[in-house]
Amino acid sequence: MNAAKEILNDFQAFLKKEKLDLFIINSTDEYLNEYVSAEKNSRCLLTGFSGSTGDVIVTSEDAMLFVDGRYHLQAEMETDPESVKLVKVGLGISPQKALYEKLAELCGDRANIGIVSSKTSCAGFKELLKNLKNKQNIKILEYEEDPVFKIAGIPAKTEAGKSLRYIPVEISGKSPVQKLESVNNYKSQNRIDLLLVTDLADIAYLANLRGMEIPYSSCFKSKALVFRDKAYIFTDLNKLCKEITENFGEDFVFKQESEFDTFIEKLSREENVFSVYYHPNSTTLAVFRKIEKLAEKVVEIKESYISELKSIKNSRELKYIAQCYLKTDIALNRVMCWLNQSLEKGGKISEKDFSNKIKSLLKEEEAVSLSFEPITTVGINTAFIHYTCPDPQKFIKKGDLILLDCGAYFEGGYATDQTRTFLAAGHEVPADDLQKILYTAVLKGFLKGINLEISENTTGYDLDYSVREAVEANKPEGFEFSHATGHGVGIPVHESPPRIGPSESSKIPLKAGMVFTVEPGLYKENQGGVRLENTVMIVEEDGKVKIKTLTRAPLDENLINYDKLTEQEKTWLENYNRFKIG
C-alpha cells in the first residue's frame, strides 16, 4: 500500500470515529497560500496529487479530487484510481463551486460535515452554506487544527523563518509610511475603525518587506491589522533586524504572530471598536471567528483596497520589473541555445536536465528564487498544462516540440512568468504540418492579445474574448484552449486584480500600471500542446492606455505558417522581432 492510500484509510477511520459523513480537505495552508510544500499539503498527503490547486471530498468510502483543466492529466497520472475518484472540472465552473455542488448532492437531508477552519476562506465557507441552504439537519464541524497532519505524523510546529529584506523606495516607489497614509485616508472615508489584512501579498506590499520562507513566493508568514492610524504586523520577530525596523515610523508596530489572538482579546476588553472590515477571500474562517465579536459592525469588503493599490504599479516599480524580465528573457534564450547546441553535438538531454539548466541559468542572472517550478515538457507531455515532474528518462530528440514555462524572483521580490514552445534543433529538422498548424493558431491569439487596442473601459474579459476568438477560429480538431488567457503578476506570480479570463470576475477594467500575462494555448491528450506567454503592462501614452510587452523572448519562426497570417499579424510579428532578445 502506498503512503497516500494508507493515510487516506486512516483518515477515513477518523471520520467514522468522529461520526462524520464527509470532510472537505483543502490544498492551501493556514495563510491560504497557493503553493504549499508536499509534506505540508493535506490534499497531497491523502491523494498523492502534487498540483498547486485542487480540493477533496472524503467520505468513509471515497475520496473525490476536483481539479481544473490545467491539472486533468497530471492528477490522472499521480493518483490511484482505486482510492481517488478524479473530477475533471471544465472552464465554465470553478473547482470549488463544483465541489460544493457535489457535496450538497452527497449529503442528502442529514449529514455531519467536517472542515478545517484555518484553511477555509470566509468566501469559501459562505459558498458552502449557500449550496446547503435548502438542506435540513446538516451540521458543520469546524476543526482549527488539521486532523490529517496528526494522522500523517506531521509536526504542528513550524521551523523558524528566514530573515526578511526591505525593498527600498528606489524599487518600490513609495515608502511604507506613504502607503499607510493612503490606507488611513481610505479608512477615514469609509468610517473603518479596524481593517484586517490577511492577504500575505498585501502585507508584503504595505510594509515593503519580502521573505523566502514560503515556496515560490516572496511573501512572509504574517497577519496584520490597521487600527485607528497604526499598522500592527504580527510575524516572527526573529526575521527582523534593526536595519529593517529603522525604515518604519512610529505608526508601524511589529509583534510576534503568536500574540495575535491575545491582542484581539485585549482590544475587545479595552477599546471601543466600532467597525471591523475584512476581505473574505483572504481571511480564514478561524481568524474570522476571533474577530467577529470585536465590534457590532463587521463588514465584508468586496475588493481589497490594498490589493487594488498593489495592482497599479508606479513608474519605479515598472522600471524594476522590466529589468527582471530582461534577465528572465536572457536566461530563457540561453537555455534554448544550450539545448540546440547540445543536440547538435549528439548530447543526451532529458526533461529533467532541461529543467535543472533553466534553474541554474536563472540563478546566474541573479534570481534569488523561483516564482514556480519550471514546466519543461517534451513531445506528447506538452499536453500537460501544468507539469512539474520532469522525467529524467524522457530524452529530447531533434524535431521534438518543447514547452518551457518559467519565472523567478529577483532581489526586489516581484515575480516573472513567461512561456515559449519551440522545436528542438528546428533549423536542422523541419516542423511537421500539425506542429505548424497548432503553433500558428496559438500565435494568432497571442499576437492579437499583446497588440489589442484598448480603452479605459476594456476589461480582462474583453481581452480573453478577443484572444480566445482568434485561437478557436484556427485550432485543429480535438485541441482545446482549456484555461484562462492570463492572470495578474506582481509580488505573487498570480496576482488579482487584474483577472484575464472568461468568467464574470474578469469584467473589471484594465488600468494603467497593471501587469498581467497573455498566454493562449492548445492541448490534446496523447498529442501534445503549444502555449505562448508574454507578460505585459498597461501604460498611458498621449492620454491613451495601451498594452506594452515586458517579455522579449524570441518566437520560433520554424513553427510559423506565414501563409495563415494576415498582413496585420505579419506586421505585429515583424515589430515584435525588432526588439526580441536573442
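This note's numbering puts the first residue of the sequence shown at -3, with every later residue one more than the last. Think of the CB as a built atom: it goes at the ideal place given N, C-alpha and C, for glycine as much as any other residue. No experiment lies behind these values; they were computed from the predicted model shown.
Element boundaries [alpha helix (DSSP H), containing residue i]
i: V438; result: D429 to N447
i: Y461; result: G456 to E468
i: S117; result: Counting along the chain, S117 falls outside any alpha helix (DSSP H), and DSSP gives it neither H nor E.
i: D257; result: F256 to E266
i: K306; result: Y301 to S307
i: S311; result: S311 to E340
i: C402; result: Unbroken run through C402 is the beta strand (DSSP E), L397 to C402; no alpha helix (DSSP H).
i: Y572; result: E563 to R574
i: H382; result: No alpha helix (DSSP H) holds H382; DSSP gives it neither H nor E.
i: F284; result: L281 to I287
i: K293; result: That residue, K293, is in no alpha helix (DSSP H); its beta strand (DSSP E) goes K293 to E296.
i: E97; result: P91 to C103
i: F145; result: P143 to A148
Segment limits, beta strand (DSSP E) that includes residue i
i: L358; result: Not the beta strand (DSSP E): L358 falls in the alpha helix (DSSP H), residues E347 to E360.
i: G110; result: A107 to V112
i: A59; result: A59 to V63
i: Y519; result: G517 to K520
i: M73; result: Note, M73: premise wrong, no beta strand (DSSP E); alpha helix (DSSP H) at H68 to E74.
i: E369; result: Per DSSP, E369 belongs to no beta strand (DSSP E) and is neither H nor E.
i: Y273; result: S271 to Y274
i: V83; result: K81 to K84
i: Y139; result: I134 to Y139
i: F418; result: Q414 to L419
Nearest neighbour of residue i, chosen from the options [CA to CA]
i: K394; options: T531, L335, A404 and L400; result: L335
i: R39; options: A94, T378 and I20; result: I20
i: R527; options: T567, I534 and V467; result: V467
i: G50; options: E78, V85 and E26; result: V85
i: L61; options: A94, K36 and E35; result: A94
i: N181; options: A0, K122 and L305; result: L305
i: K81; options: G65, G88 and A59; result: A59
i: E347; options: S502, L399 and S478; result: L399
i: P276; options: Y316, I210, T55 and T116; result: T116
i: V489; options: S213, K432, V331 and I199; result: S213
i: I459; options: G486, S478, S499 and E473; result: Reading off the sequence shown, one finds Leu at residue 459, where the question assumed Ile. When only C-alpha atoms are compared, the closest one is S499.
i: E2; options: I147, N22 and R574; result: I147
i: E360; options: C320, E340, K540 and I392; result: C320
i: L41; options: Q8, F10, A(-1) and T55; result: A(-1)
i: L264; options: K540, E288 and K251; result: Residue identity differs from the one stated: residue 264 is Ser in this sequence, not Leu. Nearest of K540, E288 and K251 to S264, Cα basis: E288.
i: Q414; options: L339, L328, T454 and G497; result: L328
i: R464; options: E452, L448 and N453; result: L448
i: K315; options: S23, E35, M533 and F10; result: M533
i: Y519; options: E123, Y228 and L397; result: L397
i: E596; options: T55, N22, S23 and T279; result: Lying outside -3 to 578, the shown extent of the chain, residue 596 is not represented and no answer is given.
i: F250; options: G65, V331 and D232; result: D232
i: Y580; options: R330, P493 and F259; result: Residue 580 lies beyond the range of the chain shown here (-3 to 578); nothing can be said about it.
Neighbourhood of residue i by C-beta, 6 Å cutoff - its chain only, sequence neighbours within 5 removed
i: I109; result: L18 and I136
i: N470; result: A437 and K440
i: H68; result: K84
i: I371; result: Y383 and D401
i: R106; result: N133
i: Y435; result: V526 and L555
i: A34; result: C40 and S46
i: L462; result: In the sequence on display, residue 462 carries Ser and not Leu. Excluding sequence neighbours, S462 sits near K444 and L448.
Contacting residues, own chain, Cβ-Cβ under 7 Å from residue i (five flanking each side not counted)
i: E565; result: K440 and L443
i: A71; result: F45, G47, G50, L61, V63 and L82
i: L124; result: Y96
i: A318; result: L546
i: T455; result: S502, K503, I504, P505 and L506
i: A183; result: The sequence shown places Lys at residue 183, not Ala. Hits under 7 Å: L191 and V222.
i: I446; result: V514, N530, V532, I543 and T545
Nonlocal neighbours in the same chain, by C-beta distance under 8 Å from residue i, ignoring five residues either side
i: K98; result: I53, M60, F62 and V83
i: T161; result: One detail in the question is off: residue 161 reads as Arg in this sequence, not Thr. Same-chain partners within the cutoff: L205, R206, G207, I240, E407 and G409.
i: L322; result: R548 and I577
Sufficient close CB pairs (3 or more, under 8 Å) joining the stretch 276 to 294 to the stretch 386 to 398: no
Touch test, the stretch 172 to 186 against the stretch 241 to 257, Cβ-Cβ under 8 Å, three pairs minimum: yes
Three CB pairs or more closer than 8 Å across the stretch 367 to 381 and the stretch 511 to 525: yes
Contained alpha helix (DSSP H) runs [length at least 4] in the stretch 3 to 56, N- to C-terminal order: 38 to 43
Three CB pairs or more closer than 8 Å across the stretch 138 to 146 and the stretch 304 to 313: no
Sufficient close CB pairs (3 or more, under 8 Å) joining the stretch 268 to 288 to the stretch 178 to 189: yes
Cβ contact check for the stretch 210 to 227 and the stretch 20 to 31: 3 or more pairs under 8 Å: yes
Inter-stretch contact at 8 Å, needing at least 3 Cβ pairs: the stretch 512 to 521 / the stretch 473 to 486: yes
Sufficient close CB pairs (3 or more, under 8 Å) joining the stretch 120 to 137 to the stretch 188 to 207: no
Complete beta strand (DSSP E) runs within the stretch 163 to 248 (minimum length 3 residues, chain order): 190 to 193, 219 to 223 and 226 to 231
Complete beta strand (DSSP E) runs within the stretch 476 to 551 (minimum length 3 residues, chain order): 482 to 484, 491 to 496, 511 to 514, 517 to 520, 524 to 527, 530 to 537 and 540 to 545
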